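Numbering (our numbering), first residue to last: 29 to 174.
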């Protein structure tokens, strides 16, 4: 499997209501660095959404990095509000998700906000792949509704 056969179709693919792959990078320089590193072949990851044999389809979600104790897999936390009709109020809830983190994303820390895309099941618990990393606010225990 070569770089041109796996990455180029994904670069041109536009889906999710006008959601473009290039928009996933924070800026053009970060995108170029990511693609150049993939071309150089400094890492090999068959589950990478950019160079591997994985297609992103379905849901695009965001979450906060909570744990980084596995190899190439992180745990993210998704906070949301659930409405209780009886009391006419909302309650805070959260879900943890295991997500594949490709080695092309460097300097990812706990508290960073990540954008993930749905893919085929990569393992028993992993069904999503990291597409974008944004630096977090720095507060560890804060409720954020996405």
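Where a beta carbon is used, it is the ideal one built from N, C-alpha and C, also for glycine. The structure displayed is predicted, hence computed values, not measured ones.
Simplified DSSP assignment, three categories, for residue i
i           : result
residue 116 : coil
residue 124 : strand
residue 64  : helix
residue 47  : Low confidence applies to residue 47: its pLDDT is 44, below 50, so where it sits in the model is not reliable, and the reading given next is rough at best. Looking at residue 47 - three-state DSSP - the assignment turns out to be strand.
residue 72  : coil
residue 91  : strand
residue 104 : strand
residue 150 : coil
residue 109 : strand
residue 53  : Interpretation of residue 53 is limited by its pLDDT of 49, a score under 50 that renders its predicted location unreliable; the figure taken from the coordinates is listed afterwards. The answer is coil: DSSP assigns residue 53 none of H, G, I, E or B.
Check whether residue i and residue j have beta carbons under 9 Å apart
i           : j           : result
residue 86  : residue 147 : yes
residue 82  : residue 164 : no
residue 103 : residue 126 : yes
Terminal residues of the beta strand (DSSP E) in which residue i lies
i           : result
residue 145 : 141-146
residue 162 : 156-162
Candidates the options, of which the one nearest residue i by Cα
i           : options            : result
residue 122 : 129, 109, 163, 128 : 109
residue 128 : 116, 163, 137, 100 : 100
residue 60  : 97, 149, 113, 78   : 78
residue 107 : 115, 120, 130      : 120
residue 105 : 124, 154, 153      : 124
residue 153 : 98, 118, 113       : 98
residue 135 : 113, 162, 112      : 162
Same chain, Cβ closer than 6 Å to residue i, five either side skipped, listed in chain order
i           : result
residue 143 : 90, 159, 160
residue 145 : 84, 88, 157, 159
residue 155 : 149
7 Å CB neighbourhood of residue i in its chain, flanking five on each side removed
i           : result
residue 138 : 93, 94, 96
Cut-off 8 Å between Cβ atoms - residues of its own chain near residue i, not counting five sequence neighbours on either side
i           : result
residue 150 : 75, 82, 128, 157
residue 118 : 109, 110, 111, 112
residue 116 : none
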